[in-house]
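Take a look at the structure set out below.
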Amino acid sequence: RWSFLWAGTSVIRAASHVIQADPRPNMAAFKQAGMTSVAFQEYNPEFPHKKHTIGLAGRPGGPDFYVSMIDNTKNHGPGGQGNYDLPAEADPAFGTVIAGHDVLERIHKLPTKEGNFKMLTEFVTIKDITLQR
């Protein structure tokens, strides 16, 4: 139902632990859908940030999202960031990539710019995305 929001967005970052997508080209659609961020950072220990899980980036989270390229349960789980107002705050994980892992690995190996953020030298457009229940 909401897949169209992320189609046409770009993967902009390839850090050692995540690849991150930025939906700026579709921000008008996100605003119209009322989905520019989550109301609060909700974390559920039944959905930890394992490899290939999808989490919402930023504070408040979304609509930028990332795919964990390693087990990020410690990094993005409760207290993992260490610099938030609430010590136990964590990023919400809301899905798992079930196909295309080879594509994720290729994106993760692309060249990045200097600096800690690891911005890709060339962004990768997400042509299509399917959200399933």
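Going by the working numbering, the sequence shown opens with residue 3, and the numbers climb by one from there.
Ideal Cβ placement from N, Cα and C applies to all residues, glycine included.
Please classify residue i as buried or exposed, where buried requires at least 16 neighbouring CB atoms within 10 angstroms.
| i | result |
| --- | --- |
| LYS52 | exposed |
| ASP104 | exposed |
| ASP93 | buried |
| LEU133 | exposed |
| ASN118 | exposed |
| ALA16 | buried |
| PRO113 | exposed |
If you reduce the DSSP assignment to three classes, tell me which class residue i lands in.
| i | result |
| --- | --- |
| SER12 | strand |
| GLU107 | helix |
| GLN83 | coil |
Excluding sequence positions up to five away, which residues of its chain have a Cβ less than 8 Å from the Cβ of residue i?
| i | result |
| --- | --- |
| PRO62 | SER39, VAL40, ALA41, PHE42, GLN43 |
| PRO27 | GLY10, THR11, SER12 |
Judging by CA-CA distance, which residue of the options is the nearest neighbour of residue i?
| i | options | result |
| --- | --- | --- |
| ILE72 | LEU106, VAL126, ALA101 | LEU106 |
| GLN34 | SER12, PRO65, TYR45 | PRO65 |
| SER70 | THR11, GLN22, LYS129 | GLN22 |
| PHE96 | LEU112, PHE67, HIS19, ARG15 | PHE67 |
| TRP8 | GLY60, GLU48, MET37 | MET37 |
| ALA31 | LEU58, SER5, ASN46, ILE100 | SER5 |
Among the residues of its own chain, which have a CB less than 6 Å from the CB of residue i, if the five just before and after it don't count?
| i | result |
| --- | --- |
| THR127 | SER12 |
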